[in-house]
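**Student:** Here it is, the structure, as C-alpha cells.
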Amino acid sequence: MGYATEKFAKRLKQLRETAGLTQEQFAKELKVSRGAISYYEKGERTPDIEFLSTLYDYFQCTLPYDFLLGDTDNIKEEHRNMYEFYGLTDEACDKLEWNENIGNIISAILGHKDFNALERAYKGIVDHYKTFNIHEMGYVGFLISDALNKIIFDVLEVLRNIQFTAEEREALRIKYDLSDKEFEEKRKEWDERERLLKEQWEKEDEKLKEQDEDQNAIKYSAISKIHEKFYKTVDDLEFNRQFSR
Numbered sequence: 001m002g003y004a005t006e007k008f009a010k011r012l013k014q015l016r017e018t019a020g021l022t023q024e025q026f027a028k029e030l031k032v033s034r035g036a037i038s039y040y041e042k043g044e045r046t047p048d049i050e051f052l053s054t055l056y057d058y059f060q061c062t063l064p065y066d067f068l069l070g071d072t073d074n075i076k077e078e079h080r081n082m083y084e085f086y087g088l089t090d091e092a093c094d095k096l097e098w099n100e101n102i103g104n105i106i107s108a109i110l111g112h113k114d115f116n117a118l119e120r121a122y123k124g125i126v127d128h129y130k131t132f133n134i135h136e137m138g139y140v141g142f143l144i145s146d147a148l149n150k151i152i153f154d155v156l157e158v159l160r161n162i163q164f165t166a167e168e169r170e171a172l173r174i175k176y177d178l179s180d181k182e183f184e185e186k187r188k189e190w191d192e193r194e195r196l197l198k199e200q201w202e203k204e205d206e207k208l209k210e211q212d213e214d215q216n217a218i219k220y221s222a223i224s225k226i227h228e229k230f231y232k233t234v235d236d237l238e239f240n241r242q243f244s245r
C-alpha cells in the first residue's frame, strides 16, 4: 500500500464516518459503487483525479485537496500563513474577512498607548505562571483587566466619534436643509429603512436556504458533521499550541 494511498484511505474513512454515512450511502452520494469506496478505504486502489474532483465538489470546495488526501490537517489553506506569522485562527480570519470594522478595532487596540502594559502582563503570565501563587495571579489579573478597560473605553470612544465627523454631519444637514433635530430624526429614518431592507433580504435568503436544504438533506447533513468535527479540532489544536509555547 503506497504512502499517499494509505493517508487518503484513512482520511476518506474518517470523512465518511464523521458524516454518519455507510459505505453504500456515501457511494450513492458520490455516484460510485460501494466496492470503489471499500477499495479506497482499504488503500487497495489509488483514487483517480475524477473521483477526487467529485469528492472535492461534494464538500462544496470547502476542504482543500491536501486535506482530502490526508497530507495536512489544515482546513483552510489560504489562512495557513496568517496563523504561522500572526497566530490568527481560521475563525479569526473569517471574521476579519466578513467585517472590515473588526480590523479597525484591532488596529486601534494594538496602537493604544496602554497596549504595552497588557503585553507585559501577558508575558509575565507565560514566563512565570507555574510559580505564581493565588495572590500573584489575582494581581496580574487586575493589571490585565485594568489595561483592557482603558483600551476598550478609548477604542469605543474613537469608533463613536468617527461614525460621523462634525464636518460630515454639517454637510448632510445643509444638503437636506435640516435642523440638528430634524437631521437626527432623518438619520434614524435611514437607519430604520436600512434595517427593514436587511431584514427582508435575510428572510428571502433563509427561504432559499430552506428550499436548498430540503433538496440536499443528506449532503448538507454530511457537510455539517464534517465541519463541526474538523473545524473545531483545528481551532482547539491552534488554541493549545498558543498556550504550550
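Quick note, in the UniProt record's numbering, the sequence shown goes up one by one and the last residue is 245. Note that CB positions come from ideal geometry on N, CA and C, so glycine has one too. All values derive from a computational prediction rather than experimental measurement.
1. Whether or not the region 144-153 and the region 107-118 are in contact is what I'm after, with contact meaning three or more pairs of Cβ atoms, one per stretch, closer than 8 Å; do they touch?
2. Quick one: residues in its chain with C-beta nearer than 7 Å to the C-beta of Thr18, no 5 flanking neighbours on either side, listed in chain order?
3. Along the chain, where does the alpha helix (DSSP H) that runs through Ser53 open and close?
4. Using the Cβ count rule (16 or more neighbours within 10 Å means buried), how would you classify Leu55?
5. For Gly70, does the count of other Cβ atoms within 10 angstroms reach 16, so buried, or fall short, so exposed?
6. Apart from the five residues on each side of it in sequence, which residues of its chain come closer than 8 Å, Cβ to Cβ, to Glu29?
7. Quick one: Cα of Val155 to Cα of Leu52, how far?
8. Around the C-beta of Leu196, are 16 or more other C-beta atoms found within 10 angstroms, so that it is buried, or is it exposed?
9. Between Leu15 and Glu44, what straight-line distance do the alpha-carbon atoms span, to the nearest angstrom?
10. Answer with buried or exposed for Arg193, where buried requires no fewer than 16 other C-beta atoms within 10 angstroms of its C-beta.
11. Among Gln25, Gln23, Pro64 and Glu6, which has the Cα closest to the Cα of residue 250?
12. Using the C-alpha atoms, what's the distance from Asn104 back to Val140?
13. Using only the alpha-carbon positions, how far apart do Lys13 and His135 sit?
14. Evaluate Asp214 with the Cβ neighbour count: other Cβ atoms within 10 Å of its Cβ, from every protein chain shown; 16 or more gives buried, anything less gives exposed.
15. Compare the Cα-Cα distances from Ala121 to each of Tyr39, Ser107, Glu24 and Phe142 and report the closest residue.
16. What first and last residue would you give for the alpha helix (DSSP H) that runs through Arg34?
17. By a C-beta neighbour count over all protein chains shown, 10 Å radius and 16 as the cutoff for buried, is Phe8 buried or exposed?
**Tutor:** According to the data block:
1. With three or more CB-CB distances shorter than 8 Å, the region 107-118 counts as touching the region 144-153.
2. In the sequence shown, the residue the question calls residue 18 occupies position 18. If we look at Thr18 and ignore the five residues flanking it on each side, its Cβ neighbours are Lys225, Ile226 and Lys229.
3. Taking the sequence shown and counting its residues from 1, one reaches residue 53 at position 53. Start and end: Ile49 to Tyr58.
4. Here the question's residue 55 lines up with position 55 in the sequence shown. Counting Cβ neighbours within 10 Å, Leu55 comes out buried, since at least 16 surround it.
5. The sequence position of residue 70 within the sequence shown is 70, counting from 1. Looking at its Cβ environment, which holds 16 or more other Cβ atoms inside 10 Å, Gly70 is buried.
6. Counting from 1 along the sequence shown, the entry for residue 29 is found at position 29. Excluding positions up to five away in sequence, the list reads Leu21, Tyr58, Ile218, Lys219 and Ala222.
7. Residue mapping note: residue 155 aligns to position 155 of the sequence shown, counting from 1. Residue mapping note: residue 52 aligns to position 52 of the sequence shown, counting from 1. Going from the Cα of Val155 to the Cα of Leu52 covers about 48 Å.
8. What you label residue 196 is simply residue 196 of the sequence shown in a count that begins at 1. Flag for Leu196 reads exposed.
9. Taking the sequence shown and counting its residues from 1, one reaches residue 15 at position 15. Taking the sequence shown and counting its residues from 1, one reaches residue 44 at position 44. Distance between the alpha carbons of Leu15 and Glu44 is about 18 Å.
10. Taking the first residue of the sequence shown as position 1, residue 193 is located at position 193. With a threshold of 16 other beta carbon atoms within 10 Å, Arg193 falls short and is exposed.
11. Residue 250 is absent from the model: the chain starts at 1 and stops at 245.
12. Working through the sequence shown from its first residue, we reach residue 140 at position 140. Working through the sequence shown from its first residue, we reach residue 104 at position 104. Val140 and Asn104 have their C-alpha atoms spaced approximately 28 Å apart.
13. As a first step, residue 13 is located in the sequence shown; it is residue number 13 there, counting from the start. As a first step, residue 135 is located in the sequence shown; it is residue number 135 there, counting from the start. Looking at the two C-alpha atoms, the distance is approximately 50 Å.
14. Indexing the sequence shown from 1 puts residue 214 at position 214. Asp214 should be labelled exposed.
15. Mapped onto the sequence shown, residue 121 falls at position 121. Its Cα nearest to that of Ala121, the residue Phe142 stands out among Tyr39, Ser107, Glu24 and Phe142.
16. Walking along the sequence shown from the start, residue 34 turns up at place 34. Residues Arg34 to Lys42.
17. One-based indexing of the sequence shown puts residue 8 at position 8. When all chains shown are included, Phe8 counts as buried.
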